[in-house]
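Visitor: According to the working numbering, the stretch in the sequence shown is residues -4 to 126, in order.
Idealized CB from N, CA, C, for every residue including glycine.
Computed from a prediction, not measured in an experiment: that's the story for all the values here.
The structure follows.
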Amino acid sequence: MPVTVKDMVAAAAQEVAKIDPSEAARLMDEEGGLLLDVRDAPELERSGRAKDAHHIPRGMLEFRTDPDSPAFDSELQRDRPIILYCAAGGRAALAGKALKELGYQRVFTIGSFKDWIEGGGEVSEGMDPGM
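The structure is reproduced here in structure tokens:
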């Protein structure tokens, strides 16, 4: 029987540790962690993004990890803590699982953008200026 997207997200969520926004902030401040927003650009334009978050849409993530790809993003280093979020948590979980399969060891999710806000995280308007 084929698996459903719900099954895939649930399995991915089991593999990627969920942390709260305060722990995410600690990882960023003390260990150079990268807060990564995997939502699509129109979502960021509409609702903003977590302050200091880097944006890579979920559909481009794997390409951005490969140094041989023209889309490579040097912010993605395998020894750097990566903290993911999206609109509801599903894409962040799937992205985290993919990163782990690609050799990233310290991968976490805070779940959703709403979780970031409710946890006291600051919000910036629009897109990541580095994109």
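Report the CB separation of A19 from G27 in whole angstroms; it is logged as a contact under 8 Å.
Guide: For the purposes of this step, residue 19 is taken as the residue at position 24 of the sequence shown. For the purposes of this step, residue 27 is taken as the residue at position 32 of the sequence shown. With a Cβ gap of about 13 Å, A19 and G27 do not count as contacting.
Visitor: Excluding the 5 residues preceding and the 5 following A12 in the sequence, name in chain order all residues of the same chain whose CB lies nearer than 6 Å to its CB.
Guide: On the sequence shown, position 17 is the one that residue 12 refers to. Cβ within range, chain order: F103.
Visitor: In this structure, what does DSSP give as the bridge partners for F67?
Guide: Position 72 of the sequence shown, counted from the start, is the residue given in the question as residue 67. DSSP, once it has assigned bridges, lists no residue as partnering F67.
Visitor: Just to check my reading of the structure: L30 and A45 have Cβ atoms closer than 8 Å, yes? What is that Cβ distance to the nearest angstrom?
Guide: Reading the sequence shown from its first residue, position 35 is the one you call residue 30. Reading the sequence shown from its first residue, position 50 is the one you call residue 45. Correct: roughly 6 Å between the Cβ atoms.
Visitor: So I14 packs on V33, CB below 8 Å; how close in whole Å?
Guide: In the sequence shown, counting from the first residue as 1, residue 14 sits at position 19. In the sequence shown, counting from the first residue as 1, residue 33 sits at position 38. Going by Cβ atoms, the distance from I14 to V33 rounds to 16 Å, so no, they are not a contact pair.
Visitor: Helix, strand or coil: which one does DSSP assign to K46?
Guide: Here residue 46 refers to the residue found at position 51 when the sequence shown is read from its first residue. In the structure shown, K46 sits in coil (DSSP, three-state: anything other than H, G, I, E or B).
Visitor: State the beta-bridge partners of F103 as determined by DSSP.
Guide: Within the sequence shown, residue 103 is the residue found at index 108, counting from 1. Looking at the DSSP assignment, F103 forms a beta bridge with A12 and I78.
Visitor: Using a Cβ-Cβ cutoff of less than 8 Å, which residues in the same chain neighbour G55 once the five nearest sequence positions on both sides are dropped?
Guide: Sequence index remark: in the sequence shown, residue 55 carries index 60 (1-based). As written in the sequence, residue 55 is Met, which differs from the Gly given in the question. Closer than 8 Å at Cβ, skipping near neighbours: A66.
Visitor: Use the C-beta contact count for A87: other C-beta atoms within 10 angstroms, 16 or more gives buried, fewer gives exposed.
Guide: Numbered from 1 along the sequence shown, position 92 holds the residue referred to as residue 87. Buried, because 16 or more other Cβ atoms sit within 10 Å of the Cβ of A87.
Visitor: So which of E10, A48 and R59 has the shortest CA-CA distance to Y80?
Guide: As a working note, residue 80 is residue 85 in the sequence shown. Selected option, being the one with the closest Cα: A48.
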